[in-house]
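Asker: Following this message is one structure expressed as C-alpha cells.
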Amino acid sequence: MSQAEPAGVLPRTSPLWTFGLLRSELVTTFRRWRTLALLAVLAAVPILVGIAVKIETSDGAGGRGGGGGPAFIAQITNNGLFLVFTALAATLPFFLPMAIGVIAGDAIAGEANSGTLRYLLVAPAGRTRLLLTKYATTIAFCLIATLVVAVSALAVGALLFPLGDLTTISGTRISFAEGLGRALLIALVVAASLIGVAALGLFISTLTSSGIAAMATTVGLLITVQIMDQIPQLHALQPYFFSHYWLSFADLMRDPVYWDDLIRNLGLQALYAAVFGSAAWARFTAKDITA
C-alpha cells in the first residue's frame, strides 16, 4: 500500500483545494482528444438521423412511418423537436453508455497505467476524495454528453423540419415551450439513467492497472447486459438490469405523465451507484498503489 496516506483517510484540506482538484480533473478530461472524439460522434448521430429522415420524406410521401425506428421517429417530419426524443432513444442503448464506459473505465486504471496515480495520492487528496472527484467528473460527462445529443438534435430538427406545438403520446396538444421543457427534463432523466453504468465502470477501473482493459470490460458488460435484457427466458431477472427501464423516459411525453417506470429506473440507478460505488471505494482504499 502506498505510504502517501492511510487508506480511506481524508487528509485535512480546504474546500477550495477540493474544488481545485475537481476543476483540474474536469479540464483534463474534457481537453483530451478521446473525450472530444466521443462527443463529436454523439453529436453526429442526430445529424445522420435527421438527414436520413429528410431524404426519406423528400418525395412528399411522408416516409414509411414508424415501422421499425426509434420511438417518435414518425413524428419528426411534423415537428423537428421530435428529433431530440428520437436521437436520445437511438443513442441511449449503446452510444451514450459506451462513451460513459470509456470515461469511467479509464478513470483510475488510466492514471495507474500512465504512472500518475501515485503522484495524485502524494498530493493532499486522499483516496476517498480522489475517487469521489473521478466519479463526479464521470457524472459531469454523463450530463454533457446527453446535452450534446439533445442540442445537436434540436439544431438539426429546427434546420430541416418545422417547429411548433406538438402532440403527446396520449394524443393531447402541448405548446412548443412546454415541449422544449419536457425535452430538457428527458435529457436530465437520460443523464441520470447513466449513473449506474458510471459507478460500474469506476469499480472495474479500480480492479486493473490497464485503462484499455477496464474500458473494454465495461463496454463488454454493457453489451452483455443489453443482450440478456432481450432474452425472454430471463424475464424474472430483467427488471434488475440497469438498462431495463432506460427507455421509460418516453413516459414524460404522456399526458398525464406515467411516473411508475421512471421512478423504478431512477431508483435502480441509485442502487447500482450505491453498490458499485461502495465496492469501488472498498477496493481502492485497500489497493496497493505501486505506480
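Take any residue in the sequence shown, note its place counting from 1, add 95, and you have its number in the working numbering.
Even glycine gets a Cβ: it sits at the ideal position worked out from N, Cα and C.
The structure presented is a predicted model; accordingly, all values stated were derived computationally and were not measured.
(1) In the DSSP assignment, what residue or residues form a beta bridge with Arg118?
(2) For Ser373, which option in Phe125, Thr301 and Val352 has the closest C-alpha, if you only look at C-alpha atoms?
(3) Closest to Trp454 by C-alpha separation, out of Phe236, Ala248, Ser247 and Leu289, would be which residue?
(4) Could you give the distance in angstroms between the alpha-carbon of Arg359 and the alpha-carbon of Tyr335?
(5) From what residue to what residue does the alpha helix (DSSP H) around Leu363 run?
(6) From the DSSP secondary-structure annotation, give me the bridge partner or partners of Ile269.
(7) Have a look at Gly306 and Ala272 and give me their C-alpha separation to the nearest angstrom.
(8) Which word fits Val244, buried or exposed, when buried means at least 16 other C-beta atoms lie within 10 angstroms of its C-beta?
(9) Are Gly175 and Ala278 closer than 8 Å when you measure CB to CB?
(10) Of all the options Ala286, Leu134 and Ile171, which has the alpha carbon lying nearest to the alpha carbon of Leu361?
(11) Under 8 Å by Cβ, that's how I've got Thr130 and Gly200 pegged, so tell me the actual separation to the nearest angstrom.
Answerer: Reading it off the structure:
(1) DSSP lists no partner for Arg118.
(2) Thr301
(3) For residue 454 there is no data in the structure shown, the boundaries of the chain being 96 and 386.
(4) 10 Å
(5) Asp355 to Ala381
(6) Leu261
(7) 43 Å
(8) buried
(9) no
(10) Ala286
(11) No, Thr130 and Gly200 are not in contact; Cβ-Cβ is about 13 Å, not under 8 Å.
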